[in-house]
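A.B. asks: Below you will find the structure I want to go over with you.
In the working numbering, the protein residues as written are 5 to 316.
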């Protein structure tokens, strides 16, 4: 048994198949299959059963995977602690979309770094296009991109061309975010044109990097729009303007309660989105960056679980 084998095992559990785990970890599928076989032979147990819907853990397998997760958590904590002590300066430059779970991860990071003798943190919120520019040309280390699933191939090629590694964080369908007092909070929107009498708060990119067209690619309210680029201002508008709405990723319940907002599924909105972390392949992540990425994954998973929405 080794740490890599345990990571492969947990990934199979998380993503439901050997092939999916290999893809998410950028590993060769035969290596992941061999790791699973080695563990089953070494401990004399069957960890997964194969089915038409994917890999299903056995009862022994579930117990073994829970133990593996605890071991990996301790290893990661030990590694991050050892690396963070190599330097008394905690430095992070990160660009984020308007995602509440990412903001919470940032606060978690700052709380853990608060005792550093030197603290140099730069946090920006922006769309994917500007985020790429900050990473490629303005010295930022990592960025969290949010883009439509239909554009994934474009972004994959763009990042490969520019030497950026991609790490999936969250996949979701847009949800309708309003004030709890909004009429939209008490009805189900079945057609997008039902929103034309309301005001849409926009906060994302509507073009791909390098496109010169001024025509919006994605369907938005054609007549009543407010473009806002700062998260708290968006929430204030929704709170005080019952006729306003915004398309959002899943949000932690505590944020909805804090800002008196309502988040609900909208059958008319079929736009699937992806949040993907990018950073230069040639530059390994520093300890504080690794910690931030770990906290980001943790908040994303907790938000999905807490909100009750399922990953796509």
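Note that CB positions come from ideal geometry on N, CA and C, so glycine has one too.
To the nearest whole angstrom, what separates the beta carbons of residue 242 and residue 181, a pair I think is in contact under 8 Å?
C.D. replies: 7 Å
A.B. asks: Do residue 146 and residue 205 count as a contact pair if the criterion is CB distance below 9 Å?
C.D. replies: no
A.B. asks: Just the Cα atoms here: how many angstroms apart are residue 251 and residue 133?
C.D. replies: Residue 251 and residue 133: Cα-Cα distance of roughly 19 Å.
A.B. asks: The beta strand (DSSP E) with residue 165 in it runs from where to where?
C.D. replies: No beta strand (DSSP E) holds residue 165; the alpha helix (DSSP H) holding it covers 156 to 165.
A.B. asks: Within 10 Å of its beta-carbon, does residue 303 have 16 or more other beta-carbons around it, so buried, or fewer, so exposed?
C.D. replies: buried
A.B. asks: Measure the CB-CB distance between residue 130 and residue 100 and report whether it falls below 9 Å.
C.D. replies: yes
A.B. asks: Roughly how many whole angstroms lie between the Cα atoms of residue 11 and residue 44?
C.D. replies: 15 Å
A.B. asks: Mind checking who residue 273 pairs with in its DSSP beta bridge?
C.D. replies: None; residue 273 has no bridge partner.
A.B. asks: Using 8 Å as the Cβ pair cut-off and three pairs as the minimum, do the stretch 147 to 158 and the stretch 262 to 273 touch?
C.D. replies: no
A.B. asks: What number of angstroms, rounded off, separates the C-alpha of residue 148 from the C-alpha of residue 103?
C.D. replies: Those two C-alpha atoms are separated by around 10 Å.
A.B. asks: Just to confirm before moving on: does the CB-CB distance between residue 117 and residue 295 stay below 9 Å?
C.D. replies: Yes, these two residues count as a Cβ contact at 9 Å.
A.B. asks: Taking the alpha-carbon of residue 279 as reference, which of 67, 49, 153 and 261 has the nearest alpha-carbon?
C.D. replies: 153
A.B. asks: Is residue 180 helix, strand or coil when you go by DSSP?
C.D. replies: strand
A.B. asks: Short of 7 Å in beta carbon distance, which residues of its chain neighbour residue 75, apart from the five on each side in sequence? Order them along the chain.
C.D. replies: 10
A.B. asks: Within this structure, are the beta carbons of residue 247 and residue 177 separated by less than 9 Å?
C.D. replies: no
A.B. asks: Which value, in whole angstroms, describes the spacing of the CA atoms of residue 42 and residue 170?
C.D. replies: 29 Å
A.B. asks: How should residue 8 be labelled, buried or exposed, when 16 other C-beta atoms within 10 angstroms of its C-beta is the threshold for buried?
C.D. replies: exposed
A.B. asks: So, are the CB atoms of residue 259 and residue 195 less than 9 Å apart?
C.D. replies: no
A.B. asks: Taking the CB atoms as reference points, tell me whether residue 25 and residue 32 lie closer together than 9 Å.
C.D. replies: no
A.B. asks: Helix, strand or coil for residue 54, going by three-state DSSP, please let me know.
C.D. replies: strand
A.B. asks: Following the continuous beta strand (DSSP E) through residue 141, name the residue where it begins and the one where it ends.
C.D. replies: Premise fails: residue 141 lies in the alpha helix (DSSP H), 132 to 141, not in any beta strand (DSSP E).
A.B. asks: Give me the residue from 307, 306, 298 and 52 with the minimum Cα distance to residue 83.
C.D. replies: Of 307, 306, 298 and 52, the residue nearest in Cα terms is 298.
A.B. asks: With burial defined as no fewer than 16 other Cβ atoms inside 10 Å of the residue's Cβ, what is the status of residue 307: buried or exposed?
C.D. replies: buried
A.B. asks: Residue 291 by DSSP, collapsed to three states: which one?
C.D. replies: helix
A.B. asks: Mind checking who residue 188 pairs with in its DSSP beta bridge?
C.D. replies: Answer by DSSP bridge pairing: none, since residue 188 is not bridged.
A.B. asks: Take the Cβ of residue 142 as the centre, count every other Cβ of all protein chains shown within 10 Å, and call the residue buried at 16 or more, exposed below.
C.D. replies: Counting of Cβ neighbours within 10 angstroms places residue 142 among the exposed residues, the total staying below 16.
A.B. asks: Would residue 111 be called buried (16 or more neighbouring beta carbons within 10 Å of its own) or exposed?
C.D. replies: exposed
A.B. asks: Straight-line CA distance for residue 301 to residue 255?
C.D. replies: 14 Å
A.B. asks: From residue 244 to residue 198, what does the alpha carbon distance come to, in whole angstroms?
C.D. replies: 21 Å
A.B. asks: Which same chain residues end up closer than 8 Å to residue 39 when comparing Cβ atoms and leaving out the 5 residues on each side of it in sequence?
C.D. replies: 8, 9, 12 and 13
A.B. asks: To which residues of the same chain is residue 36 closer than 6 Å at the C-beta, ignoring the five residues directly before and after it?
C.D. replies: 12, 22, 25 and 26
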